[in-house]
Structures are given as C-alpha cells and as structure tokens.
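Everything on this sheet refers to the single structure shown next.
In our numbering, the protein residues as written are 43 to 138.
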C-alpha cells in the first residue's frame, strides 16, 4: 500500500539564506521525487511547498537540516490542498 500524497507549506527560519538552501532543496527533491517550489522571503526566512508522501517530505527536510552551512532554527508547517497536476520542483523569484 502506498502512502497518500500530501502538500505542505513550510517556512524555515535560521541560517537559511545565502548558504545554498535553495540549491540543496532542488537536489534533495530530485533525489526523493517530490514536487513543489522554494523561494527566499523577506526577513531572512525561506518558504517552500513540498508535495509527496509524508516520508518523502521528511527526507527532504532531514537532508536540508544536515547540509553544511544551513542551520534550521524553526519550521512553521501546515498541510494545504495538493496540486495534482504539478510536475517538478522550481526555485521562485525572491519575495521582497
């Protein structure tokens, strides 16, 4: 039996800008097979939406948390409606 597909909106705080966070997110999502997007936000946070199984999403977060130079101090996460037609993972323009 396969796990259900969910989508989470996440806001990461800590040392998450200027440390390769978005690049690492692209690599992690490709390796795990989730879809979504990532972008830098004002105030030094990073927003991300990930869509996949709970286990896949957890693996992406663990990969980011273990990366050199990245320090995640907090994650604000909430489940949101899935985007069934979404394909791939992309880096969006910064939101200033």
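Think of the CB as a built atom: it goes at the ideal place given N, C-alpha and C, for glycine as much as any other residue.
Only a predicted model underlies this, so the values are computations on that prediction, with no experimental measurement involved.
Residue state for residue 65 is assigned as helix, using DSSP reduced to three classes. For residue 57, the enclosing beta strand (DSSP E) covers residues 48-57. Exclusion of the five residues before and after residue 113 leaves 56, 57 as the residues of its chain whose Cβ lies within less than 6 Å of its Cβ. For residue 113, the secondary structure class from DSSP, reduced to helix, strand or coil, is strand.
The alpha-carbon separation between residue 96 and residue 48 amounts to approximately 7 Å. Linking residue 72 to residue 93 through their CA atoms gives a straight-line distance of about 12 Å.
Leaving aside the five residues that flank residue 61 on each side, the residues in its chain whose CB is nearer than 7 Å to its CB run, in chain order, 111, 112. The residue from 66, 44, 50 with its alpha-carbon nearest to that of residue 107 is 66. Close CB contacts of residue 128 within its chain, under the 8 Å cut and outside five residues either way in sequence, are with 77, 78, 93 (chain order).
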